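Chemist: One structure follows; several queries about it will come next.
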Amino acid sequence: MEGIRARALAVGRWLSERAGRCLAASVALYALTALRSPSQPLDLRVYRGGAPHLFSGGLYDFAVHTGPPIPVLPFTYPPFAALLFAPLAQLPWEAALVLWRALSIAALLVITAGSLRLLTSPAAGRVRERALLWAAAGLWLEPVRHTLDQGQINLLLGALVVGGLALCRTAAGRGAAVGLAASVKLTPAVGGLYLLATRQWRAALWAVVTGAAATALAWWISPSQSWRYWTSLVTDTSRVGPVWTVRNQSLRGALTRLLGPDATASPLWWAALALVTLAAAWALRAAVRHADRLGVLVTVQLYGLLMCPISWSHHWIWCVPAMIWLAHGPLRRLPPARVTLALWALVTAGRLVPRLSRIEDATVHGGPYPAPMAWLGTGFALCAVLTFLTLAAGGDRRRARAVIPGGQRSGDQADRTPLP
């Protein structure tokens, strides 16, 4: 065992010394793959095609027509998102696609670097090399790869949240990052729980103010579209897609495949909801008590993905911070952390969801969902719950001190920065 460990350390040192070249090679290989087997970045087409309709009044009537199981892709984001996407419509399609993917890859690097900066473990050292290596590997995890292939915005929003929380020195900066991300897409709003859990009251206030200001700006530009979205469309999950498909990796999606379309009426649904919430609360309590900032962020983001009615597999880019915590966090040497990390790698690098979705498209045409596929399709939910339990069960972790931006030692002290 000592020999294996020594060789592993030697390989790790060798890779660290060549981290930049590893990332460059990974990006080049991805670019080559994208050229040889071009994908259909349908989400980017929706962003680019729908944005100009914010000004003409037809934003939520616009749609890109595709095929089963989601034959129509309408614009489903708040009006403020369309305002930010509007410049894309002025670019040629090829230029917009290259720019979007380049920004998304840069965002992945921000996510890995920010996650490592949030760690309270001594393993958080050598942030630059580790961040480059994790970005190189992250390109081949299914949620990241799917985000790039579809032209999705997940990596950009993830970078805004992680980068803001890890790198901004002021409460205003951290709060504005979370509020701006939530103004573009509602799911990042769960980042506000991080600010509340770490008692960053000023930052939480700034998040609310930023979100309200962005929403007000969009309302001023297009009151009719804003009224329509916030009074009727915001809760209409039918516009997003079917809940039952394996592409939906939320808790509701997993239980719908296991229990049938009436899953939310079953006592098992409420039992599962209570157990997952309890596990997340237990994990959050442990992470807060030990000043584990990355643990807190991973907990709230994974919980948000589980609770959302529809969480497509590409929404799960938060697997990257979760895997970084499991690999380098204060509990990294414990067996639960190693097992959970291995399972995350198997599910994401093994591209479980795309494999199952191809089988689903060919075989599932009404009727009960095949039980073996339904159980296999719980992969992301299972990994998230195991991450909660790993966070919660580490009672023997060392008491760590968080390095809060600006040299502060706690969220309370960090929030004593005067409002600008």
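Going left to right, the sequence shown walks through residues -4 to 415 as the numbering used here numbers them. Backbone N, C-alpha and C fix where the C-beta goes; we use that ideal spot for every residue, glycine too. Predicted model, so just to flag it, every value in this text is computed and none were measured.
1) Give me the residue from Gly45, Arg252, Leu329 and Arg43 with the minimum Cα distance to glycine 362.
2) For the candidate residues Gly109, Gly299 and Arg284, whose alpha-carbon lies nearest to that of arginine 123?
3) Checking 7 Å against the spacing of the C-beta atoms, do leucine 68 and serine 99 come in under that value?
4) Just to confirm before moving on: does the CB-CB distance between valine 293 and proline 316 stay below 7 Å?
5) Please classify glutamate 137 as buried or exposed, where buried requires at least 16 other C-beta atoms within 10 Å of its C-beta.
6) Considering glycine 15, what are the terminal residues of the alpha helix (DSSP H) in which it resides?
7) Do asparagine 243 and isoleucine 305 have their C-beta atoms closer together than 7 Å?
8) Where do the N-terminal and C-terminal ends of the beta strand (DSSP E) with alanine 58 fall, by residue?
9) DSSP on leucine 134, reduced to helix/strand/coil?
10) Nearest-angstrom Cα distance between proline 341 and leucine 127?
11) Note down, in chain order, each residue of its chain lying with its Cβ closer than 7 Å to the Cβ of valine 271, except the 5 sequence neighbours on either side.
12) Alpha carbon to alpha carbon, what distance is there between alanine 266 and proline 349?
13) Taking only the alpha-carbon atoms, compute the straight-line gap between leucine 336 and leucine 263 and give it to the nearest angstrom.
14) Since leucine 68 is in the alpha helix (DSSP H), which residue starts that stretch and which ends it?
15) Determine contact between the stretch 36 to 44 and the stretch 176 to 188, defined as no fewer than three beta-carbon pairs at a distance below 8 Å.
16) Pull up the distance between the alpha-carbon of leucine 297 and that of leucine 111, whole angstroms please.
17) Spatial neighbours of cysteine 378 within its chain, please: CB distance less than 8 Å, with the 5 preceding and 5 following residues excluded, ordered by chain position.
18) Quick check on tryptophan 307: does DSSP put it in helix, strand or coil?
19) Please name the residue in Ala274, Leu181 and Leu200 whose C-alpha comes closest to that of threonine 230.
20) As a quick exercise: from His309, Met368 and Leu212, pick the residue whose alpha carbon is nearest that of asparagine 149.
Modeler: Answer, in terms of the structure:
1) Locating residue 362 in the sequence shown gives position 367, where the first residue counts as 1. It is Arg252.
2) Taking the first residue of the sequence shown as 1, we reach residue 123 at position 128. Nearest of Gly109, Gly299 and Arg284 to arginine 123, Cα basis: Gly109.
3) As a first step, residue 68 must be located in the sequence shown, where it is residue number 73. As a first step, residue 99 must be located in the sequence shown, where it is residue number 104. No, the pair does not count as a contact, with Cβ atoms beyond the cut-off.
4) Locating residue 293 in the sequence shown gives position 298, counting from the first residue. Locating residue 316 in the sequence shown gives position 321, counting from the first residue. Going by C-beta atoms, valine 293 is nearer than 7 Å to proline 316.
5) For the purposes of this step, residue 137 is taken as the residue at position 142 of the sequence shown. Counting Cβ neighbours within 10 Å, glutamate 137 comes out buried, since at least 16 surround it.
6) Residue 15 sits at position 20 when you count from the first residue of the sequence shown. Glycine 15 -> alpha helix (DSSP H) spans 14 to 31.
7) Your numbering for residue 243 matches position 248 in the sequence shown. Your numbering for residue 305 matches position 310 in the sequence shown. Yes, these two residues count as a Cβ contact at 7 Å.
8) As a position in the sequence shown, residue 58 is number 63, starting the count at 1. It spans 58 to 62 - the beta strand (DSSP E) in which alanine 58 sits, taken as one unbroken run.
9) Counting from 1 along the sequence shown, the entry for residue 134 is found at position 139. Reduced to three states, the DSSP call for leucine 134 is coil.
10) Looking up residue 341 in the sequence shown gives position 346. Looking up residue 127 in the sequence shown gives position 132. The question names proline, yet the displayed sequence has leucine at residue 341. Taking the straight line joining both Cα atoms gives about 21 Å.
11) For the purposes of this step, residue 271 is identified with residue 276 of the sequence shown, where counting begins at 1. Excluding positions up to five away in sequence, the list reads Leu246, Leu301 and Val380.
12) Stepping through the sequence shown from its first residue, residue 349 is reached at position 354. Stepping through the sequence shown from its first residue, residue 266 is reached at position 271. So the two alpha carbons sit approximately 29 Å from each other.
13) Within the sequence shown, residue 336 is the residue found at index 341, counting from 1. Within the sequence shown, residue 263 is the residue found at index 268, counting from 1. About 28 Å.
14) Along the sequence shown, read from residue 1 onward, the residue named residue 68 stands at position 73. Careful: leucine 68 lies outside any alpha helix (DSSP H), inside the beta strand (DSSP E) at 65 to 69.
15) no
16) For the purposes of this step, residue 297 is identified with residue 302 of the sequence shown, where counting begins at 1. For the purposes of this step, residue 111 is identified with residue 116 of the sequence shown, where counting begins at 1. Between leucine 297 and leucine 111, the C-alpha separation is close to 18 Å.
17) Residue mapping note: residue 378 aligns to position 383 of the sequence shown, counting from 1. Result list for cysteine 378: Cys314, Ala317, Thr335, Leu338, Trp339 and Val342, in chain order.
18) Along the sequence shown, read from residue 1 onward, the residue named residue 307 stands at position 312. Correct three-state label for tryptophan 307: strand.
19) Taking the sequence shown and counting its residues from 1, one reaches residue 230 at position 235. Closest by alpha carbon: Leu181.
20) Within the sequence shown, the letter at position 154 stands for residue 149. Nearest of His309, Met368 and Leu212 to asparagine 149, Cα basis: His309.
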